[in-house]
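S.K.: Submitted below is the structure of interest, expressed as structure tokens.
Pasting the structure below:
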């Protein structure tokens, strides 16, 4: 059931990206900026310090518009947040928990088992606050497009001002050559020194963007480290068993030869 929900959410995110701007005649292909991500390759793993910085970027910048409905507060302990930190984050938000005897909604403090707090109560409220555009849920954003991490990184770092003189920008849109059609409803949100990290990590625009992209990849593939660790164990097991069977075969055939 969870895998089906993830599939449907990924499809919805991809569809939202596709229709967020009209198809224009000058929607030329964009060259992605390819980066070396820590989790890529056979032995790649997430950098948990980077994931925590990425969550900070999401919380301080992205969460003003974008939800993350497939992530629960307790999941954040997997990237190194303490149980007390998770409880405090959850309790900072109110969650509707049924209705009282008069039919009014009952509210309570958030719990670690709750989903990350969404910025808007429903789709209509989200569209009304964003000029009719619906900010997509980010839970599976890195899976919504081919080369997802590189695409999201390129998109977030490609805003241009001023734009080309011969380009016609529609009202309420922003010029971004990395987006299909080159105009997008979301304005540039990440700037140099826009976030200050407690660990003293660099906070140039490119560093901040890389951190949040890493976090978005973790939300889309939280099991990646476990899966790779299991795969490595299986490969070691197969190598040992192959060596043992080869030694056994040599022993058996040596007797037959004599």
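Numbering (the numbering used here), first residue to last: 1117 to 1374. Glycine included, each C-beta is placed from N, C-alpha and C at the ideal position. None of the values given here were measured: they were computed from a predicted structure.
Run through the DSSP bridge pairs and tell me what residue 1210 is partnered with.
M.R.: Beta bridge pairing from DSSP links residue 1210 with 1225.
S.K.: Out of curiosity, what's the CA-to-CA distance linking residue 1236 and residue 1260?
M.R.: 22 angstroms
S.K.: Determine the contact status of residue 1061 and residue 1234, defining contact as a CB-CB distance below 8 angstroms.
M.R.: The requested residue 1061 does not occur in the structure, where the chain is confined to residues 1117 to 1374.
S.K.: Contact between the segment 1328 to 1346 and the segment 1262 to 1273: three or more CB pairs below 8 angstroms?
M.R.: yes
S.K.: For residue 1290, which three-state DSSP category applies?
M.R.: Strand, per DSSP.
S.K.: For residue 1231, which beta-bridge partners are listed by DSSP?
M.R.: 1188
S.K.: Can you pull the DSSP bridge partners for residue 1299?
M.R.: 1291
S.K.: Output the boundary residues of the alpha helix (DSSP H) element that contains residue 1324.
M.R.: Start and end: 1321 to 1336.
S.K.: Taking only the alpha-carbon atoms, compute the straight-line gap between residue 1161 and residue 1369 and give it to the nearest angstrom.
M.R.: 43 angstroms
S.K.: Taking DSSP as the reference, what is the three-state secondary structure of residue 1215?
M.R.: strand
S.K.: Considering only C-alpha positions, which residue in the set 1152, 1174, 1178, 1195 is nearest to residue 1165?
M.R.: 1195
S.K.: What residue range does the alpha helix (DSSP H) around residue 1152 cover?
M.R.: It is not in any alpha helix (DSSP H) - residue 1152 carries neither H nor E in the DSSP assignment.
S.K.: If contact is defined by three or more beta carbon pairs under 8 angstroms, each pair taking one atom from either stretch, is the segment 1207 to 1221 in contact with the segment 1167 to 1175?
M.R.: no
S.K.: List the whole-angstrom C-beta distance separating residue 1189 from residue 1157, where the pair is believed to meet the contact cut-off of C-beta under 8 angstroms.
M.R.: At roughly 31 angstroms, the Cβ-Cβ gap does not stay under 8 angstroms, so residue 1189 and residue 1157 are not in contact.
S.K.: Indicate whether residue 1258 and residue 1336 have their beta-carbon atoms separated by less than 8 angstroms.
M.R.: Contact: yes.
S.K.: Is the separation between the beta-carbon of residue 1303 and that of residue 1290 shorter than 8 angstroms?
M.R.: Between residue 1303 and residue 1290, the gap from beta carbon to beta carbon is short of 8 angstroms.
S.K.: Give the straight-line distance between the Cα atoms of residue 1241 and residue 1230, rounded to the nearest whole angstrom.
M.R.: 21 angstroms
S.K.: Work out the CA separation of residue 1317 and residue 1139 for me, nearest whole Å.
M.R.: Since pLDDT at residue 1139 reaches only 35, below the 50 mark, its modelled position is unreliable, and no value is offered.
S.K.: Using DSSP with H/G/I as helix, E/B as strand and the rest coil, what is residue 1353?
M.R.: helix
S.K.: At what residues does the alpha helix (DSSP H) containing residue 1316 begin and finish?
M.R.: Boundaries for residue 1316: no alpha helix (DSSP H) harbours it, and the DSSP string shows neither H nor E there.
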